[in-house]
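Input: a single structure, listed below in structure tokens.
In the working numbering, the protein residues as written are 18 to 92.
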């Protein structure tokens, strides 16, 4: 990969990150479910919490940032 191709990819990534930051700033409340260990139920807790809040009439969204194996879509 040439230097210019790498710079182009970095610029695209920077633009995506900026867009995410702007969109996240519009969200009033955020809940993070996090643990350093795998297999402890983070996805299950996040999905069930989102479902419970949605059932109460809240607008919810889930962002699964597990780069090794996102599972929210499977649930």
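Glycine included, every Cβ here is placed at the ideal spot set by N, Cα and C.
Following the DSSP letters along the chain, one finds residue 64 inside the alpha helix (DSSP H) bounded by residues 59–72. Out of 76, 75, 73 and 54, the CA that lies nearest to the CA of residue 85 is found in 54. Per DSSP, residue 91 is not a residue of any alpha helix (DSSP H), being assigned neither H nor E.
Just so you know, the alpha carbons of residue 71 and residue 18 end up roughly 45 Å apart. DSSP, read as helix, strand or coil, puts residue 45 in coil.
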